[in-house]
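There are 2 protein chains.
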Amino acid sequence: MKIKAFAPGKVILFGEHSVVHKKPAIAVAINRGVEVEVTSRDDDIVRIDVPLVNYSESSELTDKKLFFELDSQNKMITDYIYEVINLFEFDNGFNLTVDIKMYLGAGLGSSAAVTVSCIKALSLLAGIKLNKDQIARQARDIEIKIQGAASPIDTSMSTYGGIIYIDEKSQLNRIDFDMDLPLIVSNCEISGNTGKLVESVRQKYVKYPEIVGNIFNAMQLIARNAKEALETGNSELIGELMNLNQGLLDSIGVNTVELSDMVYLSRKYGAKGSKLTGSGGGGCIIAYCPENIDYIYDHLSQKYATFKCEQSDEGVNATIIEK
Amino acid sequence: MKIKAFAPGKVILFGEHSVVHKKPAIAVAINRGVEVEVTSRDDDIVRIDVPLVNYSESSELTDKKLFFELDSQNKMITDYIYEVINLFEFDNGFNLTVDIKMYLGAGLGSSAAVTVSCIKALSLLAGIKLNKDQIARQARDIEIKIQGAASPIDTSMSTYGGIIYIDEKSQLNRIDFDMDLPLIVSNCEISGNTGKLVESVRQKYVKYPEIVGNIFNAMQLIARNAKEALETGNSELIGELMNLNQGLLDSIGVNTVELSDMVYLSRKYGAKGSKLTGSGGGGCIIAYCPENIDYIYDHLSQKYATFKCEQSDEGVNATIIEK
């Protein structure tokens, strides 16, 4: 049996950090993510390949102690795969290739995409049919087990795809929209520490409750207006709101010189809007490029790791290539 | 007779742009500005030298048609000098050297400092003793005549010196403070168009009244907190408030990639806070450096035109070198 599965990564389009303080945010599943291929074997050997992290390992299925020490980033990724393998019972061994076609540890939900794509592929191999709600729940349980705590956003985006509006009550609502969302993602290849950044913003809020309160209110209004702009297909508005959001993220201290450089470069070459995405302090920016995306991509990719993408409407999906 | 006069330039420490929308701002007179030397002659020749703008001209005192075409920036400066000369009657000719020891057209109030220093020196040469209120009024009248409209901030700072809190009713209030304010000013040597930038912010406010309203409210609170921080000598707070203000200026679209680079460079090397100053779109940043100012200066000045300064408490002043 041979199965291919794909789960999308995600970007935060609006509202990172303010979402921690009960303001709305908008997340977009992107058509870059993690591709998994699993092929059953006649013996009971399990062989795992993760090309991007240069990880390759094989072991007996029975002991399932597959993983050894790696550096922390890579160890994290293999930990997720290990947890997924332990969800199911297998009659035979298998070869599993986990191809991470995005950036790791850059706020794009790579661990969720690994987990969700592996659940999809390995559940089918084990002969179990899970619906999306079950996949999302199991993926989130694994994230919580490994990370200690996890927002449901990443695993939901990887599972369901689409564009999600996280409202003031932390409920996820799918946004109905009928437009393309061509994006460029550029990565400064410096990792921000999400926990520390969230804590530093919290401390700023405690120290300057009124000032940061007004900034969060502005972020809230930006996310609300952006929801409408997406629903009505107003690309001008989406870009302007991204730029407004970017400055507010700078003001609360999560921007960096590299992020700012990428943001301004993309605008210079024609992006309608651009901002950091995720917790900042490093990581990625997104540039919204309904026009001239190739031209903007060419310039950004000369200086920074960059890819083009669009929204992924479908979420996780799999194809059985050989019965 | 030989007279030397000095008038300080200024930086906006907090509240540029929001001040246009009736929010408070804080301006600081700096000990960099314009030095004027005037020496009476036995004949009726008037000779003007403006070294920085490479302007040198002499003419008969009687016709007073001293100035010819120059490029617009330099013509502006010489226009101010011409207006000042026309305020007074002189018995003899004189040599006037106007040494602009700061950046021109970079939001530092150079035209006000030229006007105020020339009024001070030339009034003394003409045997007229003007008090500061009279100097400030005459300087502002000249700014209005040449520019069409002018805020009283620049001419007031050049005349009175000190740190001024411009309140919600546009009243200027001197802030009593008892601390040093060591600043670095770096210039990206690209000129922003103040009129266009003010108009673009106004349009953004019209289009997004609630979002920009919250941003202006945050700027208002920042300026109010900063007034207290200056009065109580809380240098930590001053720096943090500058950084908050900088992001908000970015969000309303008046930051640039060069300004952002200078802002982050200064913070990297130890500035307690940094932000663009003035209308943005180019021009200067200020970095507040109560510690290691020389170290920060060395790094910034490798890449950008940079000077160190402090607040100027005194305002315009003159010395009669020869009776």
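As you go down the protein sequences, you meet chains L and Y in turn.
Take 1 as the starting number for the first sequence in the numbering used here and just add one per residue.
Take 324 as the starting number for the second sequence in the numbering used here and just add one per residue.
We treat Cβ as the ideally placed atom computed from N, Cα and C, and that holds for glycine.
Every value quoted in this text rests on a predicted model; they were computed, and no experiment measured them.
Using a beta-carbon distance below 7 Å, is V359(Y) in contact with chain L?
So, not an interface residue.
Please report how far the alpha carbon of S624(Y) lies from the alpha carbon of S509(Y), in whole angstroms.
The alpha-carbon atoms of S624(Y) and S509(Y) are separated by roughly 8 Å.
Could you tell me which residues DSSP pairs with I286(L) in its beta bridges?
Paired residues: V185(L) and K275(L).
Give the range of the alpha helix (DSSP H) segment to which N92(L) is assigned.
No alpha helix (DSSP H) holds N92(L); DSSP gives it neither H nor E.
Measuring straight from C-alpha to C-alpha, what distance separates L167(L) and Q203(L)?
Checking the sequence shown, residue 167(L) turns out to be Asp, not Leu. Those two C-alpha atoms are separated by around 23 Å.
Below 7 Å on C-beta distance, what does E210(L) contact in chain Y?
Going along chain Y in sequence order, the residues near E210(L) (Cβ under 7 Å) are L544.
List the DSSP bridge partners of A305(L).
For A305(L), which the question treats as bridged, DSSP gives the partners N187(L).
From what residue to what residue does the alpha helix (DSSP H) around Y580(Y) run?
It is worth fixing the name first, because residue 580(Y) is Val in this sequence and not Tyr. From DSSP, the alpha helix (DSSP H) with V580(Y) extends over V580 to K591.
Out of K327(Y), K345(Y), I326(Y) and T642(Y), which has the shortest C-alpha to C-alpha gap to K492(Y)?
The shortest Cα separation from K492(Y) among K327(Y), K345(Y), I326(Y) and T642(Y) belongs to K345(Y).
Distance cutoff 7 Å, beta carbons only. Does V580(Y) sit that close to anything in chain L?
Chain L, which has a Cβ nearer than 7 Å to the Cβ of V580(Y), makes this yes.
From the beta carbon of Y587(Y), is the nearest beta carbon of chain L less than 7 Å away?
Closer than 7 Å to some Cβ of chain L, the Cβ of Y587(Y) qualifies, so yes.
At 4 residues or longer, and completely inside the segment 110-189 of chain L: list those alpha helix (DSSP H) runs for me, N to C.
With a minimum length of 4 residues, the continuous alpha helix (DSSP H) runs that stay inside the segment 110-189 of chain L are 110-125, 132-147 and 153-160.
Check P331(Y) in the structure and name its three-state DSSP category.
Of the three classes helix, strand and coil, the one that applies to P331(Y) here is strand, per DSSP.
Could you tell me whether the Cβ of S301(L) comes closer than 7 Å to any Cβ of chain Y?
No, no contact with chain Y.
Is A549(Y) helix, strand or coil when you go by DSSP?
A549(Y) falls in the helix class under three-state DSSP.
Hey, quick one: how far does the alpha helix (DSSP H) through G518(Y) stretch, first residue to last?
First-last of the alpha helix (DSSP H) with G518(Y): T517 to K530.
Could you check where the beta strand (DSSP E) with N317(L) kicks off and where it finishes?
Segment N317 to E322, the beta strand (DSSP E) holding N317(L).
Going by beta carbon distance, what residues of the same chain come within less than 7 Å of M565(Y), once the five residues before and after it are set aside?
Excluding sequence neighbours, M565(Y) sits near G596, S597, K598 and Y611.
Here's the rule: buried if 16 or more other CB atoms are within 10 angstroms of the residue's CB, otherwise exposed. What is I644(Y)?
Exposed, by the Cβ-count rule.
Do you know offhand how far I619(Y)'s Cα is from Y587(Y)'s?
Those two C-alpha atoms are separated by around 11 Å.
Using only alpha-carbon positions, find the residue among G15(L), N234(L), V84(L) and Q311(L) that is nearest to S117(L).
Here the closest residue by C-alpha is V84(L).
How about Q279(L) and G192(L): are their beta carbons less than 7 Å apart?
It should be noted that the sequence gives Ser, not Gln, for residue 279(L). Going by C-beta atoms, S279(L) is nearer than 7 Å to G192(L).
For N16(L), which three-state DSSP category applies?
The residue asked about is misnamed: residue 16(L) is Glu in this sequence, not Asn. In this structure, E16(L) counts as coil in the three-state DSSP scheme.
Is the Cβ of L393(Y) closer than 7 Å to any Cβ of chain L?
Per-residue confidence for L393(Y) stands at a pLDDT of 43, beneath the threshold of 50, marking its modelled position as unreliable; the derived number appears in the next sentence. No - not a single Cβ of chain L is within 7 Å of the one on L393(Y).
Can you look up A352(Y) in the DSSP assignment and give me helix, strand or coil?
In the structure shown, A352(Y) sits in a strand (DSSP, three-state: E or B).
Using the C-alpha atoms, what's the distance from G576(Y) back to G570(Y)?
Spanning the two alpha carbons is a distance of roughly 10 Å.
For I45(L), which three-state DSSP category applies?
Of the three classes helix, strand and coil, the one that applies to I45(L) here is strand, per DSSP.
May I ask you to list, following chain order, the residues of the segment 502-532 of chain Y that have a beta carbon less than 9 Å from some beta carbon of chain L?
Residues K527, K530 and Y531.
Could you spell out where the alpha helix (DSSP H) holding D573(Y) opens and where it closes?
Its alpha helix (DSSP H) spans residues S558 to S574.
Run through DSSP, which three-state label would V254(L) get?
Note: V254(L) maps to coil in three-state DSSP.
Whose Cβ in chain Y lies nearer than 9 Å to the Cβ of I26(L)?
Correct list: empty, because the minimum Cβ distance to chain Y is about 15 Å.
Considering only the beta carbon of each residue, do I349(Y) and A546(Y) sit closer than 7 Å?
The answer is yes: Cβ separation under 7 Å.
When we look at the beta-carbon of A330(Y) and count the other beta-carbons within 10 Å, is it buried (16 or more) or exposed?
Looking at its Cβ environment, which holds 16 or more other Cβ atoms inside 10 Å, A330(Y) is buried.
Compare the beta carbon distance of T420(Y) and E383(Y) with 7 Å and say whether it is the shorter of the two.
Cβ atoms of T420(Y) and E383(Y): not closer than 7 Å.
Mark D617(Y) as exposed unless 16 or more other C-beta atoms lie within 10 angstroms of its C-beta, in which case mark it buried.
Exposed: under 16 other Cβ atoms inside 10 Å.
Could you give the DSSP three-state label for D99(L): helix, strand or coil?
It is a strand residue.
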